[in-house]
Amino acid sequence: GIQVEQSPPDLILQEGANSTLRCNFSDSVNNLQWFHQNPWGQLINLFYIPSGTKQNGRLSATTVATERYSLLYISSSQTTDSGVYFCAGRENSGGSNYKLTFGKGTLLTVNP
Amino acid sequence: DSGVTQTPKHLITATGQRVTLRCSPRSGDLSVYWYQQSLDQGLQFLIQYYNGEERAKGNILERFSAQQFPDLHSELNLSSLELGDSALYFCASSPTPPTEAFFGQGTRLTVV
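Line by line, the protein sequences give chains A and B. Residue numbering for the first sequence follows our numbering, beginning at 4 and increasing consecutively. Residue numbering for the second sequence follows our numbering, beginning at 45 and increasing consecutively.
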């Protein structure tokens, strides 16, 4: 199966700072997604981004499928952005196995 | 709100017991996935059902089983519970063909 590496594993920011989270895949993937897991454990969908760039408020994401990586940008961070950020993708192997493989996440702490 | 409903939110039970976790997918989604999130293993895929049939299996223990009913809701049965089964269990659903997956709020299982 594919391997998903996320970096950095931990990130501490002051409120208002910008950050970039990275996700590398060992093989080509489909259905790439970014999630935010809040302190209550909920997995919140941030982006469905198989390729290209999307923006949603202070967050944006870029996936370069041919180079097997995706980036999540957080600008003007707020304390409510704290939590774990996961990327996940589905193997591009055809068939009916649609499972998502997750990275280990980036733990983001935004201090006031 | 992702549209995926999981019950119960919390469950505390003793070793050796059996529990059932329930999931209702988003309206119209035929695929249901179960994931386990533990501190040491991260988010692991357990099993996928599509329109009532098992479609893919991950690292699911023999003590665990699942099914999807005609109304498309799914249940994950965990038996002979051990302390190490304590984890957050997520259900997700996706449309067909699969694009974005949406996750429920999770069931936090504590085995004492």
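We put the CB at the ideal spot given by N, CA and C, even for glycine.
Exercise. Using a C-beta to C-beta distance shorter than 8 Å, which residues of chain A count as neighbours of residue 144 (chain B)?
Worked result: Taking the second sequence and counting its residues from 1, the one referred to as residue 144 (chain B) is at position 100. Within chain A, the residues near residue 144 (chain B) are 34, 36, 48, 51.
Exercise. Nearest to residue 122 (chain A) by CA position, among A:20, A:33, A:15, A:4, is which residue?
Worked result: As shown, chain A starts at 4 and ends at 115. That puts residue 122 (chain A) outside it, with no answer to give.
For this session: State yes or no: is the beta carbon of residue 96 (chain B) nearer than 7 Å to at least one beta carbon in chain A?
Result: Position 52 of the second sequence, counted from the first residue, corresponds to residue 96 (chain B). Not an interface residue.
For this session: Would you list, in sequence order, the uninterrupted beta strand (DSSP E) runs of no fewer than 3 residues that lie entirely inside the region 100-141 of chain B?
Result: 108-112, 118-122, 131-138
Exercise. Which ranges would you report for the beta strand (DSSP E) in the region 11-77 of chain A if only whole runs of at least 3 residues count?
Worked result: 13-17, 22-28, 32-40, 46-51, 55-59, 62-67, 72-77
For this session: Grab me the residues of residue 87 (chain B)'s own chain with a C-beta within less than 8 Å of its C-beta, minus the 5 sequence neighbours each way, in chain order.
Result: The residue labelled residue 87 (chain B) in the question sits at position 43 within the second sequence. The answer, listed in chain order, is 79, 80, 81, 134.
Exercise. Using DSSP with H/G/I as helix, E/B as strand and the rest coil, what is residue 143 (chain B)?
Worked result: The residue you call residue 143 (chain B) lines up with position 99 of the second sequence. If DSSP states are grouped into helix, strand and coil, residue 143 (chain B) belongs with coil.
Exercise. Comparing the C-beta of residue 149 (chain B) with each C-beta of chain A, is any distance below 7 Å?
Worked result: Indexing the second sequence from 1 puts residue 149 (chain B) at position 105. True, the Cβ-Cβ gap to chain A drops below 7 Å.
Exercise. Excluding sequence positions up to five away, which residues of its chain have a Cβ less than 8 Å from the Cβ of residue 117 (chain A)?
Worked result: Chain A is shown from 4 up to 115; residue 117 (chain A) falls before or after that span and cannot be answered.
Exercise. How about residue 45 (chain A): is its C-beta nearer than 7 Å to some C-beta of chain B?
Worked result: Position 42 of the first sequence, counted from the start, is the residue given in the question as residue 45 (chain A). Yes, residue 45 (chain A) lies at the interface with chain B (some Cβ there is under 7 Å from its Cβ).
For this session: Note the first and the last residue of the continuous beta strand (DSSP E) segment covering residue 108 (chain A).
Result: Against the first sequence, residue 108 (chain A) aligns to sequence position 105. Run containing residue 108 (chain A): none; DSSP gives neither H nor E here.
Exercise. With respect to 6 Å, is the separation between the Cβ of residue 19 (chain A) and the closest non-hydrogen atom of the ligand GTP below this value?
Worked result: Among the components of this structure there are no ligands whatsoever, and the ligand GTP is therefore not found.
Exercise. Counting only beta-carbon atoms, is residue 108 (chain B) nearer than 7 Å to chain A?
Worked result: Within the second sequence, numbered from 1, the residue matching residue 108 (chain B) stands at position 64. No, its Cβ sits nowhere closer than 7 Å to a Cβ of chain A.
Exercise. Is residue 59 (chain B) helix, strand or coil by DSSP?
Worked result: Locating residue 59 (chain B) in the second sequence gives position 15, counting from the first residue. Note: residue 59 (chain B) maps to coil in three-state DSSP.
For this session: Assess, as a yes-or-no matter, whether the region 57-73 of chain B is touched by the region 118-137 of chain B under the definition of 3 or more beta carbon pairs within less than 8 Å.
Result: yes
For this session: Using the Cα positions of residue 106 (chain A) and residue 59 (chain B), report the straight-line distance between them to the nearest angstrom.
Result: Walking along the first sequence from the start, residue 106 (chain A) turns up at place 103. Walking along the second sequence from the start, residue 59 (chain B) turns up at place 15. Their backbone Cα atoms lie some 30 Å apart in a straight line.
For this session: Establish whether the CB of residue 105 (chain A) and some CB of chain B are separated by less than 7 Å.
Result: To locate residue 105 (chain A), count along the first sequence from 1; it is residue 102. Yes, its Cβ sits closer than 7 Å to a Cβ of chain B.
Problem set entry | residue 67 (chain A) versus residue 54 (chain A) - alpha carbon distance | Residue mapping note: residue 67 (chain A) aligns to position 64 of the first sequence, counting from 1. Residue mapping note: residue 54 (chain A) aligns to position 51 of the first sequence, counting from 1. So the alpha carbons of these two residues sit roughly 6 Å apart.
Exercise. So residue 87 (chain A) is in the beta strand (DSSP E); what residue range does that whole segment cover?
Worked result: For the purposes of this step, residue 87 (chain A) is taken as the residue at position 84 of the first sequence. From DSSP, the beta strand (DSSP E) with residue 87 (chain A) extends over 86-94.
Exercise. The beta strand (DSSP E) with residue 82 (chain B) in it runs from where to where?
Worked result: What you label residue 82 (chain B) is simply residue 38 of the second sequence in a count that begins at 1. Here the beta strand (DSSP E) through residue 82 (chain B) covers 75-82.
For this session: Would you mind sorting residue 45 (chain B) into buried or exposed? The rule is 16 or more other CB atoms within 10 Å of its CB.
Result: Numbered from its first residue, the second sequence carries residue 45 (chain B) at position 1. Its Cβ having fewer than 16 others within 10 Å, residue 45 (chain B) is exposed.
Problem set entry | Interface partners of residue 102 (chain A) on chain B, CB under 8 Å | Taking the first residue of the first sequence as 1, we reach residue 102 (chain A) at position 99. Near residue 102 (chain A) (Cβ distances below 8 Å), the residues of chain B are 77, 89, 92, 100, 102.
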